[in-house]
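This report refers to the structure that appears directly beneath it.
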Amino acid sequence: MARPETDVKSLDNVQLENLIENHRAKGATDRTLYIEALAEQAKRTGKGLDFATTMRVIKQAAAEKKYLSYGEIAAASGVDWNKVRYAIGPHLDSLLEYCHRNGLPLLTAIVVNKQNLQSGDLEAESLKGFVAGARKIGIPITDEKSFLRDQQRLVFEWAKAPTFQ
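First residue of the sequence shown: -3, per this note's numbering; consecutive thereafter.
Structure, rendered in structure tokens:
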């Protein structure tokens, strides 16, 4: 007998977290349900930050070979930066994992502090968060700044490819 499809939107927060953790424990992070659950969790915890909107604006910036600020991510979702500044890290971590699980480059690598839009540098705390998110999903990192630069290069190369989505 086939299992009924789970509607992640109908789950409460505890059920949603359990679903995500169960998929991680079973190594089933490539399943569609897991990806849907990540997106739903990001939507719920993002304080108005929208997963799909963030993906869209990052892809657009990548296509233009531009870095994007955290504030621009908030503005794209129509939320005040001051209200989401503590939610943006977890929001981008979910997106980072989503990218990794879907065979995309780590698109969040081009989201930087406003003062670094020209250089693509990350402030120490932001770099620490980006690297922690990557390590959490199993990516080994020895040189953090080189890792960031490599990921940024991969994002821009991906956006130039004829198969760009």
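Built from N, CA and C at the ideal position, the CB exists for glycine as well.
Coarse secondary structure for residue i, derived from DSSP in three states
i       : result
Met(-3) : Reliability of the predicted coordinates at Met(-3) is poor, the pLDDT of 45 falling under 50, and the value obtained from them is presented with this limitation in mind. Coil at Met(-3), not helix or strand.
Leu144  : helix
Val75   : coil
Leu29   : helix
Ser65   : strand
Leu15   : helix
Per-residue burial, residue i [other beta carbons within 10 Å of its own, 16 or more giving buried]
i      : result
Gly125 : buried
Tyr82  : exposed
Thr138 : exposed
Ala48  : exposed
Close-in-space but distant-in-sequence residues of the same chain around residue i (CB under 6 Å, 5 per side omitted)
i      : result
Ala155 : Ala58, Ala59
Lys22  : none
Val4   : Glu32, Ala33, Glu36
Cutoff 8 Å; reference residue i; Cβ partners in own chain excluding five residues on either side
i      : result
Leu123 : Glu140, Lys141, Leu144
Nearest-angstrom beta carbon gap, residue j and residue i [assumed within contact, 8 Å]
i     : j      : result
Lys39 : Asp46  : 7 Å
Thr50 : Ile69  : 6 Å
Pro86 : Leu150 : Between Leu150 and Pro86 the Cβ distance is about 23 Å, and since that is not below 8 Å, they are no contact.
Contacting residues, own chain, Cβ-Cβ under 7 Å from residue i (five flanking each side not counted)
i       : result
Met(-3) : At Met(-3) the pLDDT is 45, less than 50, meaning the model places this residue with poor confidence; the figure from the coordinates comes in the next sentence. Same-chain partners within the cutoff: there are none.
### Task
Run through the region 97 to 145 for me and flag every whole beta strand (DSSP E) of 3 or more residues, listed as ranges in chain order.
none
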